[in-house]
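Chemist: Taken in sequence, the protein lines are chains A and B. For the first sequence, this note's numbering gives the first residue as 1, with consecutive numbering after it. For the second sequence, this note's numbering gives the first residue as 448, with consecutive numbering after it.
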Amino acid sequence: MALARAQGLSVTYPGARSPALEDVSLAIEPGELVLLLGSSGSGKSTLLRAFAGLVPHFHGGRFAGRVEIAGLDTRRRRPADLAGTVASVFQDPEDQIVLTQVAREVAFGLENLGAPPAEIVPRAERGLEAVGAVHLLDRPVAELSGGELQRVCLASALALEPALLLLDEPTSQLDPAGAEALLELAAACGAAVLVSEQRPRPALEYADRVVFLEHGRVVLDAPAAETEGWLAAHRPAWVDDPPPPERAPVGDVVCRLRGVSFAYRRGLPVVDCVELELHRGEIVALTGRNGTGKTTIAKLAAGLLEPLDGTVELRGRAALLLQDPGRYLVRERSDEEVALSAGGDLERARRSLAAVGLAGVDARHPRDLSSGERERLALATVLVTEPDLLVLDEPTRGVDPQRKAELAAELRLHAPERATLVVTHDRTFAAAVADRIVSLDRELVPV
Amino acid sequence: MRAGPALAGLAALVAAALLARHTLSVAAIAAALLVVCLRAPASRRRLYLVGTLVSALGLFVITPFVETLGSHPLWTGPIVPVLGQLDVTREELASAALNALRLGAVGLAFAAYALLLDHDRLLQAAGFARRSVLAVALATRLVPTLERDAAGLVEAMRGRGLEVAGVRRRARLLSPLLAGSLERGLSLAEAMEARGYGRPGRTSAPRPGWTVLDRVALAGAVAVVAIGALWL
Numbered sequence: 001m002a003l004a005r006a007q008g009l010s011v012t013y014p015g016a017r018s019p020a021l022e023d024v025s026l027a028i029e030p031g032e033l034v035l036l037l038g039s040s041g042s043g044k045s046t047l048l049r050a051f052a053g054l055v056p057h058f059h060g061g062r063f064a065g066r067v068e069i070a071g072l073d074t075r076r077r078r079p080a081d082l083a084g085t086v087a088s089v090f091q092d093p094e095d096q097i098v099l100t101q102v103a104r105e106v107a108f109g110l111e112n113l114g115a116p117p118a119e120i121v122p123r124a125e126r127g128l129e130a131v132g133a134v135h136l137l138d139r140p141v142a143e144l145s146g147g148e149l150q151r152v153c154l155a156s157a158l159a160l161e162p163a164l165l166l167l168d169e170p171t172s173q174l175d176p177a178g179a180e181a182l183l184e185l186a187a188a189c190g191a192a193v194l195v196s197e198q199r200p201r202p203a204l205e206y207a208d209r210v211v212f213l214e215h216g217r218v219v220l221d222a223p224a225a226e227t228e229g230w231l232a233a234h235r236p237a238w239v240d241d242p243p244p245p246e247r248a249p250v251g252d253v254v255c256r257l258r259g260v261s262f263a264y265r266r267g268l269p270v271v272d273c274v275e276l277e278l279h280r281g282e283i284v285a286l287t288g289r290n291g292t293g294k295t296t297i298a299k300l301a302a303g304l305l306e307p308l309d310g311t312v313e314l315r316g317r318a319a320l321l322l323q324d325p326g327r328y329l330v331r332e333r334s335d336e337e338v339a340l341s342a343g344g345d346l347e348r349a350r351r352s353l354a355a356v357g358l359a360g361v362d363a364r365h366p367r368d369l370s371s372g373e374r375e376r377l378a379l380a381t382v383l384v385t386e387p388d389l390l391v392l393d394e395p396t397r398g399v400d401p402q403r404k405a406e407l408a409a410e411l412r413l414h415a416p417e418r419a420t421l422v423v424t425h426d427r428t429f430a431a432a433v434a435d436r437i438v439s440l441d442r443e444l445v446p447v
Numbered sequence: 448m449r450a451g452p453a454l455a456g457l458a459a460l461v462a463a464a465l466l467a468r469h470t471l472s473v474a475a476i477a478a479a480l481l482v483v484c485l486r487a488p489a490s491r492r493r494l495y496l497v498g499t500l501v502s503a504l505g506l507f508v509i510t511p512f513v514e515t516l517g518s519h520p521l522w523t524g525p526i527v528p529v530l531g532q533l534d535v536t537r538e539e540l541a542s543a544a545l546n547a548l549r550l551g552a553v554g555l556a557f558a559a560y561a562l563l564l565d566h567d568r569l570l571q572a573a574g575f576a577r578r579s580v581l582a583v584a585l586a587t588r589l590v591p592t593l594e595r596d597a598a599g600l601v602e603a604m605r606g607r608g609l610e611v612a613g614v615r616r617r618a619r620l621l622s623p624l625l626a627g628s629l630e631r632g633l634s635l636a637e638a639m640e641a642r643g644y645g646r647p648g649r650t651s652a653p654r655p656g657w658t659v660l661d662r663v664a665l666a667g668a669v670a671v672v673a674i675g676a677l678w679l
């Protein structure tokens, strides 16, 4: 008997013109790992929320069909009643942390479920141990990196010992090694797992089955072994490695970092004696594990941070796209948001919106856009400045392969006009877009 | 020391500051609270201390103009509609100083609560009204969260080649900051519901017992209120 089942599920959010999910039927067996693929806005997060009971109880809207978890109808049971049988990890770890210390944060769910007091601490510790984060036990959550927070959130879910684990793009902030470790852990935890991903490659190795969503409908529900062939035939952008770019001749030096060091706290250098040159006409990808100082180097190059030691020479104007698109939402209309970076020039702003695939959203409030659209809006706000140095920090986070290919093409097209530095965990994207890859996992080689 | 007795101590100092009648007594309580606040890291305490200082100074400046007290005028000004004759007397200045110090003491006590107390432990210690205690704990975290969000917005603006200088430009960030915090609040509420918050039969992880220091602190808190009411 299936552990979780959706039958003829259709969901339309309040105020939405089209349904987020339409006639979706899906069954998940105990212990099975189901990989949920689909482009941004295809309904992956809505399906995960429906299995958690959050749709319809928390979000409202129109709900048709039925979802059952271990025989419980989610229309009649609130999400809090399903908690424990189901555990969720959402996309952004910062938005789901309730308490201020790791051990208590992991214990929060157990306390809510009424676990016997004597079992709470050992189960919280086991959850942290399972994700290799037991050393974080006494740390304040405010001091953790994005990757560490992600592991704490997963530990909080595993501590509940759920029958069904729902993971919404859990590897989006992790480096490749961290992402593989997390997926391996999810596959071995014993629970049925429904995991949505934008990077199919590592996840496919651990999946039993793959469901591909498009415009709210299931277009593929097949064993993982058959999926690669289907993707290659029908959605090649999801599996084909794009060809490496043709190297263009490079121009003058736009930015030069010489012996640059920086520390947020005295005595704890984040970057130490970095040498890097960025030329007009080239795209450089900066890669490395979580916590190796990639974002700090990006901010130093763009002039947002002053080095403690060494020099940063910048010839011309720099623009930096930070990781969180929420930081780029300060106006009431999308075109005005972009125009803010272009001295109020609405025409240029609309062209920039069209260039990132957002033609026609001019009058929409930026906060009404989906997360994928917000990422693109943020990109438009920096591209419109026509900088001499363009610095992008994790521009493919939460972006589907099709959109990644378009972004790579856009960056290549305009590469001769500027120097471009792309900070990324995404090896495929780095290979597709960069003339040169600088890895911080090894010592940074002077160029 | 446990968070409960520490909170009781802060509440007692606030009560004593509000009950005390002598300016010097209230100044001494405010000074003691300031010393406590200075234990927090400089970068975190700055916003709270500046906010407290500005509020207290504002009250000190406004009070003499809206209060009518005393018979020793130091300055007599024009007649203003609604407010009447503006004047400042010695007694009004003394009253303004006392009230400003009281407000300062309340602000510093809140700063100490926000900066130094373990809110998770307070939540654990709450035997009743847990929802209210959690709401207060989350609201307390709003100040540093907003501060971090504001820094993020300014950083993003600089990344777009825009400098955010001056009060007017900074004031324009208030609306997106508020919208962002509302969005975050919704996400947090969703995550809490998914983790079983609000389900009946909640339990708590075992807590360490009360130490001698905790008991002394609680007794001291009661004594401070009594002293404030009777002798200060």
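Where is the CB? At the ideal position from N, CA and C, for every residue including glycine.
Closer than 7 Å, Cβ to any Cβ of chain B: which residues of the segment 104 to 115 of chain A, in chain order?
Modeler: Answer set for the segment 104 to 115 of chain A: R104, A107, F108, G109, E111, N112, L113, G114 and A115.
Chemist: Determine the direct distance from the alpha carbon of E246 (chain A) to that of V447 (chain A), and round the result to whole angstroms.
Modeler: Confidence is the limiting factor: at V447 (chain A) the pLDDT is only 37, short of 50, which leaves the residue's position unreliable, though a coordinate-based value still follows. Approximately 20 Å between the Cα atoms of the pair.
Chemist: With DSSP as the reference, label G557 (chain B) as helix, strand or coil.
Modeler: The sequence given here places Phe at residue 557 (chain B); Gly does not occur at that position. Correct three-state label for F557 (chain B): helix.
Chemist: Can you say whether V382 (chain A) is buried or exposed, counting buried as having 16 or more other CB atoms within 10 angstroms of its CB?
Modeler: V382 (chain A) should be labelled buried.
Chemist: Using CA coordinates, which residue listed in A:P223, A:G310, A:E214 and A:R315 is at the minimum distance from V254 (chain A)?
Modeler: With distances taken between Cα atoms, V254 (chain A) lies closest to A:R315.
Chemist: Looking only at its own chain, which residues have a Cβ that is under 7 Å from the Cβ of A263 (chain A), when we skip the five neighbours before and after it?
Modeler: Result list for A263 (chain A): P269, V270 and L308, in chain order.
Chemist: For the segment 61 to 85 of chain A, enumerate the residues whose C-beta is nearer than 8 Å to any C-beta of chain B, in chain order.
Modeler: For the segment 61 to 85 of chain A, which is checked against every Cβ of chain B, the residues closer than 8 Å are R78, P79, A80, D81, A83 and G84.
Chemist: At the 8 Å Cβ level, is H566 (chain B) part of the contact set with chain A, yes or no?
Modeler: Interface residue, yes.
Chemist: Please confirm whether L276 (chain A) has its beta-carbon closer than 8 Å to some beta-carbon of chain B.
Modeler: No, because no Cβ of chain B sits closer than 8 Å to the Cβ of L276 (chain A).
Chemist: In its own chain, which residues sit with a C-beta less than 6 Å from the C-beta of I674 (chain B), not counting the 5 before and 5 after it?
Modeler: Nothing listed; no residue qualifies.
Chemist: When you compare the CB of L593 (chain B) with every CB in chain A, is at least one pair closer than 8 Å?
Modeler: Cβ-Cβ to chain A under 8 Å: no for L593 (chain B).
Chemist: Between which two residues does the alpha helix (DSSP H) containing I437 (chain A) stretch?
Modeler: Not the alpha helix (DSSP H): I437 (chain A) falls in the beta strand (DSSP E), residues R436 to S439.
Chemist: So I28 (chain A) and L149 (chain A) are in contact, right, with Cβ under 8 Å, and what is the actual spacing, rounded?
Modeler: I28 (chain A) to L149 (chain A), Cβ: 27 Å. No contact.
Chemist: Measure the beta-carbon distance from L154 (chain A) to P170 (chain A) and round it to whole angstroms, keeping in mind my assumption that it falls under 8 Å.
Modeler: 7 Å between Cβ atoms; contact.
Chemist: Beta carbon of A641 (chain B), beta carbon of A70 (chain A): below 8 Å?
Modeler: Contact flag unset, no.
Chemist: May I have the straight-line CA-CA distance separating V422 (chain A) from T428 (chain A), to the nearest angstrom?
Modeler: Using only the alpha carbons, I get a separation of about 13 Å.
Chemist: Kindly indicate which residue of A:L320, A:G360 and A:A408 has the alpha-carbon position closest to the one of D393 (chain A).
Modeler: When each option's Cα is compared against that of D393 (chain A), the closest is A:L320.
Chemist: Please name the residue, chosen from B:A450, B:S490, B:L466 and B:S472, that lies closest to R265 (chain A) on a Cα-to-Cα basis.
Modeler: For R265 (chain A), the nearest C-alpha among the options comes from B:S490.
Chemist: May I have a chain-ordered list of the beta strand (DSSP E) segments no shorter than 3 residues that lie completely inside the segment 106 to 155 of chain A?
Modeler: Listed in chain order, there is nothing to give.
Chemist: Taking the beta strand (DSSP E) that Y264 (chain A) belongs to, which residues open and close that run?
Modeler: Start and end: V253 to R265.
Chemist: Less than 7 Å between C-beta atoms, sequence neighbours within five positions excluded: which residues of the same chain meet that for V445 (chain A)?
Modeler: Only weak support exists for where V445 (chain A) lies, its pLDDT of 41 falling under 50; the coordinates are left without a value.
Chemist: Restricting to Cα atoms, I'd like to know which of B:L563, B:W678 and B:V669 is closest to A455 (chain B).
Modeler: If we check each option's Cα against that of A455 (chain B), B:V669 comes out closest.
Chemist: Is Q96 (chain A) helix, strand or coil when you go by DSSP?
Modeler: Q96 (chain A) falls in the coil class under three-state DSSP.
Chemist: What does A560 (chain B) reach in chain A if we use C-beta pairs closer than 9 Å?
Modeler: The sequence shown places Tyr at residue 560 (chain B), rather than the Ala named in the question. The premise fails here: Y560 (chain B) is roughly 14 Å from chain A at the closest Cβ pair, so nothing lies under 9 Å.
Chemist: Within 8 Å of any Cβ in chain B, is that where the Cβ of L257 (chain A) sits?
Modeler: Not one chain B Cβ lies under 8 Å of L257 (chain A).
Chemist: For V219 (chain A), which residues does DSSP report across the bridge?
Modeler: Partner(s): none; V219 (chain A) has no beta bridge.
Chemist: Along the segment 155 to 167 of chain A, what residues have a CB closer than 9 Å to any CB found in chain B?
Modeler: Under the 9 Å Cβ criterion, the segment 155 to 167 of chain A contributes S156, A157, L160 and L166.
Chemist: If the criterion is Cβ atoms closer than 8 Å, does the pair V338 (chain A) and S352 (chain A) meet it?
Modeler: For V338 (chain A) and S352 (chain A), yes; Cβs fall inside 8 Å.
Chemist: Using a Cβ-Cβ distance under 8 Å, would V330 (chain A) count as near chain B?
Modeler: Yes - at least one Cβ of chain B is within 8 Å of the one on V330 (chain A).
Chemist: A479 (chain B) CB to nearest chain A CB: under 8 Å?
Modeler: Closer than 8 Å: no.
Chemist: Going by Cα to Cα distance, which pick from B:L481, B:A543, B:A475 and B:T499 is closest to V508 (chain B)?
Modeler: Comparing Cα-Cα distances from V508 (chain B) to each of B:L481, B:A543, B:A475 and B:T499, the minimum goes to B:A543.
Chemist: Does the contact criterion of 3 or more C-beta pairs under 8 Å hold for the segment 67 to 85 of chain A versus the segment 3 to 20 of chain A?
Modeler: Cβ pair count under 8 Å is three or more, so yes.
Chemist: Looking at chain A, which residues of the segment 604 to 619 of chain B have a Cβ within less than 9 Å of any of its Cβ atoms?
Modeler: So the list reads M604, R605, G606, R607, G608, L609 and R619, given in the order they occur along the chain.
Chemist: When you compare each of A:A224, A:L48, A:E417 and A:E32 to Q91 (chain A) by their alpha carbons, which one comes out closest?
Modeler: The candidate whose alpha carbon is nearest that of Q91 (chain A) is A:L48.
Chemist: Return the CA-CA distance between A363 (chain A) and S371 (chain A), expressed in angstroms with no decimal places.
Modeler: The straight-line gap from Cα to Cα measures roughly 17 Å.
Chemist: Kindly list the residues whose CB is nearer than 7 Å to the CB of R376 (chain A), restricted to its own chain and excluding five residues on each side of it in sequence; keep chain order.
Modeler: The answer, listed in chain order, is V356, G357 and L358.
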